[in-house]
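*Asks:*
2 protein chains.
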Amino acid sequence: MMLNQLLVADDHRTCQTLTGITLQHMPDVGALGRLQHYGSSSDIWRPEDESDRVFFVKRGHVTVLFADAQGHEIVLRQVEADQPLGELCFCAPEHRLRETFARAQVESDVVVIKHSDFVNYLQSNSAALQALLFTFCTRLGEAERRAEILAYRGAEERLGRLLLQLGEARGHPHKATPGPVTLHIGHEELARTAAMSRAHVTVTMGKLREQGLISYERNRPLIVNLPQLEAYLNKRVA
Amino acid sequence: MMLNQLLVADDHRTCQTLTGITLQHMPDVGALGRLQHYGSSSDIWRPEDESDRVFFVKRGHVTVLFADAQGHEIVLRQVEADQPLGELCFCAPEHRLRETFARAQVESDVVVIKHSDFVNYLQSNSAALQALLFTFCTRLGEAERRAEILAYRGAEERLGRLLLQLGEARGHPHKATPGPVTLHIGHEELARTAAMSRAHVTVTMGKLREQGLISYERNRPLIVNLPQLEAYLNKRVA
DNA sequence: TCTTTGACGTTAGCGCACGAACATCCTTCC
DNA sequence: GGAAGGATGTTCGTGCGCTAACGTCAAAGA
Chain A
1 MMLNQLLVAD DHRTCQTLTG ITLQHMPDVG ALGRLQHYGS SSDIWRPEDE SDRVFFVKRG
61 HVTVLFADAQ GHEIVLRQVE ADQPLGELCF CAPEHRLRET FARAQVESDV VVIKHSDFVN
121 YLQSNSAALQ ALLFTFCTRL GEAERRAEIL AYRGAEERLG RLLLQLGEAR GHPHKATPGP
181 VTLHIGHEEL ARTAAMSRAH VTVTMGKLRE QGLISYERNR PLIVNLPQLE AYLNKRVA
Chain B
1001 MMLNQLLVAD DHRTCQTLTG ITLQHMPDVG ALGRLQHYGS SSDIWRPEDE SDRVFFVKRG
1061 HVTVLFADAQ GHEIVLRQVE ADQPLGELCF CAPEHRLRET FARAQVESDV VVIKHSDFVN
1121 YLQSNSAALQ ALLFTFCTRL GEAERRAEIL AYRGAEERLG RLLLQLGEAR GHPHKATPGP
1181 VTLHIGHEEL ARTAAMSRAH VTVTMGKLRE QGLISYERNR PLIVNLPQLE AYLNKRVA
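Chains A and B are the protein sequences, given in the same order.
Residue 89 in this note's numbering is what sits at position 89 of the first sequence, and the numbering runs on without skipping anything.
Residue 1014 in this note's numbering is what sits at position 14 of the second sequence, and the numbering runs on without skipping anything.
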């Protein structure tokens, strides 16, 4: 398939191929890489590991996080099944270290591929190469948006805009009801993602809930009303 | 040139080609894109513009920034001469808006290329394609590090680690003296990059200067002693 | 030389987010 | 059914960073 067919979107038939790289772009396990099992809360890589390999989550859920000097953990990204992981090894595969943690949130199966093997595969598969480029572009956009969110100083702003981003990226829309989406995330993890204390997350979430912008209960999924929340956050300007 | 020759670094002869995409990868202006002049402090794009084109800085210096709801500006990235700009258009070129500002810091000449033209060029130039991939990878790493920095709550930590990143990325090393590097940046811009107030930046910089970790004076370049600063920041853990 | 401009320095008061500690409620496992 | 663990709720004191305002100093232009 030609590159411009994949990347230029004015051809409607190819819209569906405008997607990031997934396990579907890869050959069967065994032909390239090996399958590795990780128990819940086990580390796939640690800060001092070399970034000389790339991963694909076959089953489960992985979190990429950073531990600051005080030991507080900051969630950088969530990686779901079929998604790639550790793609930063393309920057300088020689002697670059990870500097971050990748941790299996639940029991997970992960395909591990050596960087050089992956590069050889990309050489012969231009569709995979373009999909990888798209993945990088998407993740760069998400990372810059994370930076924007963390730049907000107020709790309502920071947490509210984080909920907006999470809702747009990972929220499950309700059937035939545009607006509210469902998220499976607890206050503890929101705190690690927004760089706030868990207690303050609970207080701030309570305020947003009182205003009807979100709804949640103990051990129940979180429902975010995206349009209302966005309008509320933009209204606070005046 | 073959893809694995460029991306695999165990061949020392190709180390120099392990670089991001620059103007040198592109054909002459006129064959692809057009040259546009921007005065100091003029905008190359605004939040409501479509992201349907990619840019290269030919001369000058461009800042990508984000304006929060209160009008405070947050610097996302600095783009120097020869570097690309606006590469996020690869995510969804159709109807995505920029959401950010790109502003010429000084008088700048910028090559403007339509996204579809750029894609066509990449199709016939695999070296440029790989270089673009490398650029994305590098910028993703930088963006995640920006997020880490903004997640720090204390002023000394946030500003100190920002200085470390800036020094490693853009600092000019001193001849035959490893350690100190020179940066050309003022307190005002540091404040916009670290999401702090200018006054607080001045106070915090004063403390770092008293400790001998950095040195600067009015209208003089900033000198950061990278190893000492890093040791200081990591020592504060205990 | 005088003024203007921009960059750095300083202070006071205030609001907010954090840490710590404890309370409440639900779920799961024994 | 009881116990243990996890998740959410609540409060208080403290520290820190923001806003605002003003001061100081050097370079550039008239």
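C-beta: ideal position from N, C-alpha, C; glycine also.
Rounded to whole angstroms, what is the Cα-Cα separation between residue 1225 of chain B and residue 1180 of chain B?
*Replies:* Approximately 4 Å between the Cα atoms of the pair.
*Asks:* Going along the chain, which residues of its own chain have a beta-carbon closer than 8 Å to the beta-carbon of residue 1228 of chain B, five neighbours each way excluded?
*Replies:* 1179, 1212 and 1213
*Asks:* Could you have a look at residue 81 of chain A and say whether DSSP puts it in helix, strand or coil?
*Replies:* coil
*Asks:* Does the distance from the CB of residue 1138 of chain B to the CB of residue 1020 of chain B come in under 7 Å?
*Replies:* yes
*Asks:* Taking 7 Å as the CB-CB cut-off, is residue 1148 of chain B touching chain A?
*Replies:* Yes, residue 1148 of chain B counts as interfacial toward chain A.
*Asks:* Closer than 8 Å by beta-carbon distance: list the chain A residues that pair up with residue 1156 of chain B, in chain order.
*Replies:* The premise fails here: residue 1156 of chain B is roughly 11 Å from chain A at the closest Cβ pair, so nothing lies under 8 Å.
*Asks:* Look up residue 200 of chain A in the DSSP assignment and give the residues it is bridged to.
*Replies:* Partner(s): none; residue 200 of chain A has no beta bridge.
*Asks:* Counting only C-beta atoms, is residue 188 of chain A closer than 7 Å to chain B at any point?
*Replies:* no
*Asks:* Anything in chain A within Cβ reach of residue 1139 of chain B, meaning under 8 Å, just list it in chain order.
*Replies:* 140
*Asks:* Given that a residue counts as buried once 16 or more other Cβ atoms are within 10 Å of its Cβ, and exposed if not, what is residue 86 of chain A?
*Replies:* buried
*Asks:* Are the Cβ atoms of residue 169 of chain A and residue 1150 of chain B separated by less than 7 Å?
*Replies:* no
*Asks:* I'd like the span of the alpha helix (DSSP H) that includes residue 1118 of chain B, first residue to last.
*Replies:* Start and end: 1115 to 1124.
*Asks:* List, in order along the chain, the chain B residues whose C-beta lies closer than 7 Å to that of residue 74 of chain A?
*Replies:* Within chain B, the residues near residue 74 of chain A are 1148 and 1151.
*Asks:* Determine contact between the segment 1062 to 1076 of chain B and the segment 1118 to 1129 of chain B, defined as no fewer than three beta-carbon pairs at a distance below 8 Å.
*Replies:* no
*Asks:* With a Cβ-Cβ cutoff of 7 Å, do residue 1109 of chain B and residue 1037 of chain B count as a contact?
*Replies:* yes
*Asks:* Helix, strand or coil: how does DSSP classify residue 1015 of chain B here?
*Replies:* At residue 1015 of chain B the pLDDT is 38, less than 50, meaning the model places this residue with poor confidence; the figure from the coordinates comes in the next sentence. Residue 1015 of chain B: helix per DSSP, three-state reduction.
*Asks:* Could you check where the alpha helix (DSSP H) with residue 235 of chain A kicks off and where it finishes?
*Replies:* 226 to 235
*Asks:* Examine chain B for any beta-carbon lying closer than 7 Å to the beta-carbon of residue 176 of chain A, and answer yes or no.
*Replies:* Not closer than 7 Å to any Cβ of chain B, the Cβ of residue 176 of chain A fails to qualify, so no.
*Asks:* Quick one: grab the DSSP three-state call for residue 1187 of chain B.
*Replies:* helix
*Asks:* Grab the span of the alpha helix (DSSP H) containing residue 1163 of chain B for me, first residue to last.
*Replies:* 1155 to 1170
*Asks:* Identify whether residue 73 of chain A lies in helix, strand or coil by the three-state DSSP scheme.
*Replies:* strand
*Asks:* Using a beta-carbon distance below 7 Å, is residue 102 of chain A in contact with chain B?
*Replies:* no
*Asks:* Please classify residue 1131 of chain B: is it buried, with 16 or more other beta-carbons within 10 angstroms of its beta-carbon, or exposed?
*Replies:* buried
*Asks:* Within 7 Å (strictly less), CB to CB, does residue 1133 of chain B reach chain A?
*Replies:* yes
*Asks:* Is the CB-CB distance between residue 1060 of chain B and residue 1111 of chain B below 7 Å?
*Replies:* no
*Asks:* My assumption, with CB atoms under 8 Å, is that residue 64 of chain A sits in contact with residue 118 of chain A. Please give the rounded CB distance.
*Replies:* Rounded, the Cβ-Cβ distance is 18 Å, inconsistent with contact.
*Asks:* So, for residue 80 of chain A: in the same chain, excluding its five sequence neighbours on each side, which residues have a beta-carbon less than 7 Å away from its beta-carbon?
*Replies:* 57 and 61
*Asks:* So, helix, strand or coil for residue 1044 of chain B, using DSSP?
*Replies:* strand
*Asks:* So, with DSSP's three-state summary, where would you put residue 1107 of chain B?
*Replies:* coil
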